[in-house]
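Have a look at the structure below, then the notes.
Residue numbers (this note's numbering): 17 to 85.
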């Protein structure tokens, strides 16, 4: 059975992976996996806070770039 993957909610944390050739890939998560990741990261950040990267590290969707042309 294939897992159902949906767009993350605003404010949710998602996973990405950088390939050897520099591509950035999204890692699809089910709702249950996403919730588990949120709990794990909350626990992890109790001892060392997570840091939000500055704007220069922001990622954008290809589709948003295509719409700007």
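Glycine is no exception: its CB is placed at the ideal position from the N, C-alpha and C atoms. Since the model is a prediction, treat every value here as computed from it, not as a measurement.
### Task
Please list, in chain order, all residues of the same chain as residue 34 whose beta carbon is under 6 Å from its beta carbon, the five residues on each side excluded.
40
### Buried/exposed call for residue 50, threshold 16 Cβ in 10 Å
buried
### Query
Which residue or residues does DSSP assign as beta-bridge partners of residue 55?
DSSP output for residue 55 lists no bridge partner at all.
### Query
For residue 66, is the classification buried or exposed, using 16 other Cβ atoms within 10 angstroms of its Cβ as the cut-off for buried?
exposed
### Beta carbon of residue 42 nearer than 7 Å to that of residue 29
no
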